[in-house]
Amino acid sequence: MNKRVVVALGGNALGNTLSEQKIAVKSTAKTIVDLVEEGCDVVVTHGNGPQIGMINNAMAALTREVKTQPNTPLSVCVAMSQAYIGYDLQNAIREELLNRGIKDLPVMSMVTQVRVDADDPAFKKPTKPIGHFMTKEEAEFAASHYDYVVKEDAGRGYRRVVASPEPKEIIELNAIKDLVGKELIIACGGGGIPVTRDGYALNGASAVIDKDWTSSLLAREIDADILVILTAIEKAAIRFGQPDQEWLDTITVEEAKHHIANGEFAPGSMKPKIEAAVAFAESKPGRVAIITLLEKSKAGIAGETGTRIVL
Numbered sequence: 002m003n004k005r006v007v008v009a010l011g012g013n014a015l016g017n018t019l020s021e022q023k024i025a026v027k028s029t030a031k032t033i034v035d036l037v038e039e040g041c042d043v044v045v046t047h048g049n050g051p052q053i054g055m056i057n058n059a060m061a062a063l064t065r066e067v068k069t070q071p072n073t074p075l076s077v078c079v080a081m082s083q084a085y086i087g088y089d090l091q092n093a094i095r096e097e098l099l100n101r102g103i104k105d106l107p108v109m110s111m112v113t114q115v116r117v118d119a120d121d122p123a124f125k126k127p128t129k130p131i132g133h134f135m136t137k138e139e140a141e142f143a144a145s146h147y148d149y150v151v152k153e154d155a156g157r158g159y160r161r162v163v164a165s166p167e168p169k170e171i172i173e174l175n176a177i178k179d180l181v182g183k184e185l186i187i188a189c190g191g192g193g194i195p196v197t198r199d200g201y202a203l204n205g206a207s208a209v210i211d212k213d214w215t216s217s218l219l220a221r222e223i224d225a226d227i228l229v230i231l232t233a234i235e236k237a238a239i240r241f242g243q244p245d246q247e248w249l250d251t252i253t254v255e256e257a258k259h260h261i262a263n264g265e266f267a268p269g270s271m272k273p274k275i276e277a278a279v280a281f282a283e284s285k286p287g288r289v290a291i292i293t294l295l296e297k298s299k300a301g302i303a304g305e306t307g308t309r310i311v312l
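Take the position in the sequence shown, starting the count at 1, then add 1; the result is the number in the working numbering.
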């Protein structure tokens with residue numbers, strides 16, 4: 002029986018611009034198809050940091066230039082980023098599959114909504130910077146006209162900040178479940194389009210969801226065997242950057258929690274990756290979470306590298 006693997010792509014797998022993304026997805030596709038050839042049923046998730054910033058900036062510029070153009074909700078920008086990234090990814094993966102003679106595995110990007118709680122505490126304290134830098138006057142205008150929350154950013158100007166609430170439910174989960182193993186699915190891009198529920202209605206939320214937490218939730222819900230979180234380093238470390246730095250190989254959930262409690266991992270960087278990995282690994286015996294480089298994912302699944310978190 003094939004191993005079921007969720008691969009969470011980091012920003013280094015996608016590049017920062019349109020042209021960089023076109024190049025980056027070529028090598029990313031090779032890594033993903035390597036896993037297919039190893040007998041894995043793969044579901045791909047991805048971040049959207051540079052892309053959502055670019056789209057948000059473009060739509061904000063349109064609003065400034067065309068006074069009759071309403072401001073574009075952040076949830077719509079996330080949806081745009083899912084389709085735009087998925088378009089490049091699925092074409093690159095499809096081409097790589099065909100280059101290797103694999104003709105019976107369709108590739109599809111799914112525009113995916115993820116429900117968050119409207120009363121999540123994150124909405125009261127938005128902290129995630131997004132979009133372009135603004136002068137004080139521009140920030141005040143955005144706050145009064147677009148209902149933005151803006152904060153001064155390390156002396157560089159003002160930026161919009163949004164909430165990063167916890168993902169609670171993947172709306173298209175049943176569709177994803179039905180397709181795993183039949184198609185290579187790209188889903189939950191950028192952590193998912195954030196929505197809240199009002200009866201049967203789903204309403205877009207002004208938020209961005211951490212893609213590693215959504216990837217962990219997806220991996221649990223589709224009963225994956227392995228969650229691979231790809232980042233810019235081969236392994237996580239404790240005492241990172243210090244003379245006695247120690248790279249982590251295989252660690253237990255309890256050891257990982259101990260390191261988190263001791264403040265070993267940077268918030269907004271490695272900490273959410275470790276926490277998401279722990280949530281997956283502890284959810285069921287036999288599940289393994291791996292944190293490693295994109296080009297090392299095959300070796301990571303084989304147990305040859307990466308930080309592996311096990312129950």
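Where is the CB? At the ideal position from N, CA and C, for every residue including glycine.
Query: So what's Glu-97 in DSSP terms, helix, strand or just coil?; Result: helix
Query: State the Cα-Cα distance for the pair Val-24 and Ser-284, rounded to the nearest angstrom.; Result: Per the sequence shown, residue 24 should be read as Ile rather than Val. Rounded to the nearest angstrom, the two C-alpha atoms are 36 Å apart.
Query: In its own chain, which residues sit with a C-beta less than 8 Å from the C-beta of Met-109, not counting the 5 before and 5 after it?; Result: Gln-91, Leu-180, Glu-184, Leu-185, Ile-186, Ile-187
Query: Quick one: complete beta strand (DSSP E) runs, 3+ long, within the region 237–288?; Result: 251–253
Query: My assumption, with CB atoms under 8 Å, is that Gly-193 sits in contact with Gly-48. Please give the rounded CB distance.; Result: Their Cβ separation, rounded to whole angstroms, is 12 Å, which puts Gly-193 and Gly-48 out of contact at 8 Å.
Query: In three-state terms, what does DSSP make of Gly-40?; Result: coil
Query: Is Arg-157 buried or exposed, if buried means 16 or more other CB atoms sit within 10 Å of its CB?; Result: exposed
Query: According to DSSP, what are the bridge partners of Glu-153?; Result: Tyr-159
Query: Please name the residue or residues paired with Asn-204 in a DSSP beta bridge.; Result: Thr-197
Query: For Asp-35 and Pro-107, I'd like the C-alpha separation in whole angstroms.; Result: 16 Å
Query: Below 8 Å, can you find three or more Cβ-Cβ pairs linking the region 241–249 to the region 9–26?; Result: no
Query: Taking 8 Å as the threshold, find out whether the region 52–62 comes into contact with the region 77–90 through three or more Cβ pairs.; Result: yes
Query: Taking Glu-170 as the reference, which of Gly-301, Thr-69, Thr-215, Ile-86 has the closest Cα?; Result: Thr-215
Query: Using 8 Å as the cut-off, can you tell me whether the region 289–308 makes contact with the region 271–279, which would need three or more C-beta pairs spanning the two stretches below that distance?; Result: yes
Query: So, for Lys-178: in the same chain, excluding its five sequence neighbours on each side, which residues have a beta-carbon less than 6 Å away from its beta-carbon?; Result: Ile-223
Query: So what's Ile-328 in DSSP terms, helix, strand or just coil?; Result: As shown, the chain starts at 2 and ends at 312. That puts residue 328 outside it, with no answer to give.
Query: By DSSP's criteria, Arg-309 is part of a beta bridge. Which residues make up the other side?; Result: Thr-251, Ile-291
Query: Are there 16 or more other CB atoms within 10 angstroms of the CB of Phe-124, so buried, or fewer, so exposed?; Result: buried
Query: Quick one: is Thr-306 buried, meaning 16 or more other Cβ sit within 10 Å of its Cβ, or exposed?; Result: buried
Query: Can you tell me where the beta strand (DSSP E) with Ala-9 in it begins and where it stops?; Result: 4–10
Query: Following the continuous alpha helix (DSSP H) through Lys-142, name the residue where it begins and the one where it ends.; Result: Reading off the sequence, residue 142 comes out as Phe, not Lys. Taken as a continuous stretch (DSSP letters only), the alpha helix (DSSP H) holding Phe-142 covers 137–146.
Query: Tell me where the beta strand (DSSP E) around Ile-172 begins and ends.; Result: Counting along the chain, Ile-172 falls outside any beta strand (DSSP E), and DSSP gives it neither H nor E.
Query: Can Thr-308 and Asp-250 be called in contact, C-beta distance under 8 Å?; Result: yes
Query: In the DSSP assignment, find the beta strand (DSSP E) that holds Gln-70 and state where it starts and stops.; Result: First-last for Gln-70: undefined, no H or E at that position.
Query: With a CB to CB cut of under 8 Å and the five nearest residues on each side skipped, what residues in its chain are close to Ile-131?; Result: Ile-53, Gly-54, Asn-57, Leu-75, Arg-160, Arg-161, Val-162, Val-163, Val-209
Query: Under the three-state reduction of DSSP, which class applies to Ile-53: helix, strand or coil?; Result: helix
Query: Note the first and the last residue of the continuous beta strand (DSSP E) segment covering Ser-110.; Result: 108–110
Query: Per DSSP, which one or two residues make a beta bridge with Lys-129?; Result: Val-163
Query: Per DSSP, what kind of secondary structure is Ile-230 in: helix, strand or coil?; Result: strand
Query: Between the C-alpha atoms of Val-45 and Asp-226, what's the straight-line distance to the nearest angstrom?; Result: 14 Å
Query: May I have the straight-line CA-CA distance separating Lys-104 from Ala-62, to the nearest angstrom?; Result: 43 Å
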